[in-house]
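When you number the sequence shown by the working numbering, it's gap-free, plus one each residue, and the end is 390.
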Amino acid sequence: MITSVSEILAELASRFRPDSRITVLTGAGVSAASGVPTFRGPGGLYKNRRVEQIGTPEAFGRDPQFVWEWYNWRREVIATKQPNRAHEVLARWSQRYPRFTLITQNVDGLHERAGTQNVLRFHGSIWEVLCWERCKQSPPRWRDETAPFTEIPPRCPYCGGIVRPGVVWFGEGIDPEVMKRSMDALDCDIFLTIGTSAVVYPAAGLIHEAKTRGAFTVEINIETTPAAASLDLPLEGPAEEVLDHIERFIL
Ligand code: BJW
């Protein structure tokens with residue numbers, strides 16, 4: 140029996156009921172159509188270095204100036220970008236379904252700017268900073284939307300030391316509260332993983348755990364990821380188009 144794309148999308152859409160528990164994991168691919176480069180795609184290298192080489196506390200300790208150049212450049216890029224159709228569809232779902240959770244690995248803040256409710260920022264926010272020395276006078280982190288900083292590394296207003304971006308680097312743990320709420324959200328009816336290469340853990344592990352707990356698991360990506368083989372429904376295509384199509388099938 141040949142199943143058409145329309146039939147597949149209609150079947151998926153029928154799972155979206157008013158009381159469905161819907162959990163979405165997003166990655167850099169969701170912001171690609173807004174013009175924010177992904178990490179492992181075109182434009183992902185910064186001065187020939189990979190995120191695994193720049194996004195570590197060790198790299199920052201060695202050369203905070205270089206790491207801040209990267210973040211300053213990314214802040215400038217993101218500040219000029221707008222949420223795209225993928226962010227918009229997810230924002231509407233978050234407002235429509237009371238049991239909706241969005242776990243994002245993205246630090247750009249575009250989901251929040253689109254109006255998404257119940258966002259868990261798994262890898263922090265590029266718009267937050269904290270004192271590198273964690274000085275006693277400073278709060279754990281604070282918002283600073285300067286783009287770009289004229290002086291880098293920026294200074295801690297509390298102790299005069301340097302500040303670091305409020306993001307999660309390799310070798311660092313996920314905020315325990317964010318981790319707990321993310322794990323709780325894996326008890327869901329539908330789990331969608333969208334625009335992530337699914338190679339960075341523990342985020343990628345959430346996909347497998349959702350499946351183990353019985354969720355209907357869906358992937359939306361322009362490429363096949365290591366997670367695809369174990370998912371119920373891998374959908375190949377750009378998130379901004381596929382989400383739009385799914386939404387049209389939801390009654
Ligand atoms: C589209 C599209 C369109 C494009 N539509 N799709 C288990 C196994 C192996 C290793 C580990 C493990 N557990 C832990 C590790 C180590 C490590 C790790 O995972 N390493 C692997 C790389 C090998 N993990 C860690 O270190 C984590 N910490 C940790 O485990 O701590 C332990 C600990 C516990 C307690 C105390 C102390 C320590 C932390 C990981 C932090 C990752 N941080 C970064 C940087 C964040 C800050 C910043 O942004 O500056 O997060 S790295 C980078 O990768 C960023 C992203 O969030 C993350 C994932 O990338 P993402 O979003 O998937 O992007 P891409 O570029 O990879 O993929 C884009 C996708 O979009 C592609 O698939 C495209 O096809 C697709 N696409 N256009 C749909 N239009």
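In this text, a Cβ means the ideal position worked out from N, Cα and C, and glycines have one as well.
Option in the options with minimal Cα separation from residue i
| i | options | result |
| --- | --- | --- |
| Gly254 | Gln221, Ser264, Glu284, Ala286 | Gln221 |
| Phe355 | Val144, Ala152, Glu375 | Ala152 |
| Asp383 | Asp314, Asp247, Trp232 | Trp232 |
| Thr243 | Val206, Gly263, Glu362, Arg224 | Gly263 |
| Val339 | Thr289, Ala225, Gly312 | Gly312 |
| Asn257 | Gly305, Ser321, Phe178, Tyr210 | Ser321 |
| Lys319 | Pro279, Phe261, Ile291, Glu251 | Phe261 |
| Ile333 | His226, Pro293, Ala286 | His226 |
| Glu348 | Ser369, Ile361, Glu362, Thr335 | Ser369 |
| Leu241 | Leu229, Ile361, Val144, Thr142 | Leu229 |
| Trp212 | Leu249, Gly183, Cys295, Arg156 | Gly183 |
| Arg123 | Glu316, Pro203, Pro157 | Only positions 140 to 390 of the chain appear in this structure, which leaves residue 123 out of reach. |
| Pro315 | Arg201, Pro341, Lys275 | Pro341 |
| Asn245 | Asp202, Phe178, Arg154 | Phe178 |
Pair within 8 Å by beta-carbon distance, residue i and residue j
| i | j | result |
| --- | --- | --- |
| Ala167 | Glu379 | no |
| Ile389 | Gly376 | no |
| Ile265 | Asp283 | no |
| Thr162 | Phe330 | yes |
| Tyr297 | Cys327 | no |
| Glu272 | Arg280 | no |
| Val357 | Asp371 | yes |
| Arg214 | Ala286 | yes |
| Thr364 | Ser336 | yes |
| Ile217 | Val175 | yes |
| Glu208 | Ile291 | yes |
| Arg294 | Val302 | yes |
| Arg238 | Ser159 | yes |
| Val259 | Val317 | Checking the displayed sequence, the identity of residue 259 turns out to be Leu instead of Val. Yes, the pair counts as a contact, with Cβ atoms nearer than the cut-off. |
Beta-carbon separation (whole angstroms), residue i vs residue j, contact threshold 8 Å
| i | j | result |
| --- | --- | --- |
| Ile346 | Ala324 | Rounded, the Cβ-Cβ distance is 12 Å, inconsistent with contact. |
| Thr195 | Phe309 | 5 Å |
| Phe199 | Val206 | 5 Å |
| Pro304 | Tyr210 | 5 Å |
| Leu148 | Ile361 | Contact flag wrong, Cβ pair sits at about 17 Å. |
Proximity test, residue i beta-carbon vs ligand 3 heavy atom, cut-off 7 Å
| i | result |
| --- | --- |
| Gln244 | In the structure shown, ligand 3 is absent; the only ligands present are ligand 1. |
* Every unbroken beta strand (DSSP E) inside the stretch 175-249 [3 residues or more] -> 239-243
* Asked: Whole beta strand (DSSP E) runs in the stretch 292-333 with 3 or more residues, listed along the chain?
  -> 302-306, 329-333
* To do: Kindly provide the ranges of any alpha helix (DSSP H) runs that are 4 or more residues long and lie completely inside the stretch 249-296, ordered along the chain.
  => 249-252
* To do: Go through the stretch 341-378 residue by residue and report every complete run of the beta strand (DSSP E) that reaches 3 residues or more, in order.
  => 355-360, 372-375
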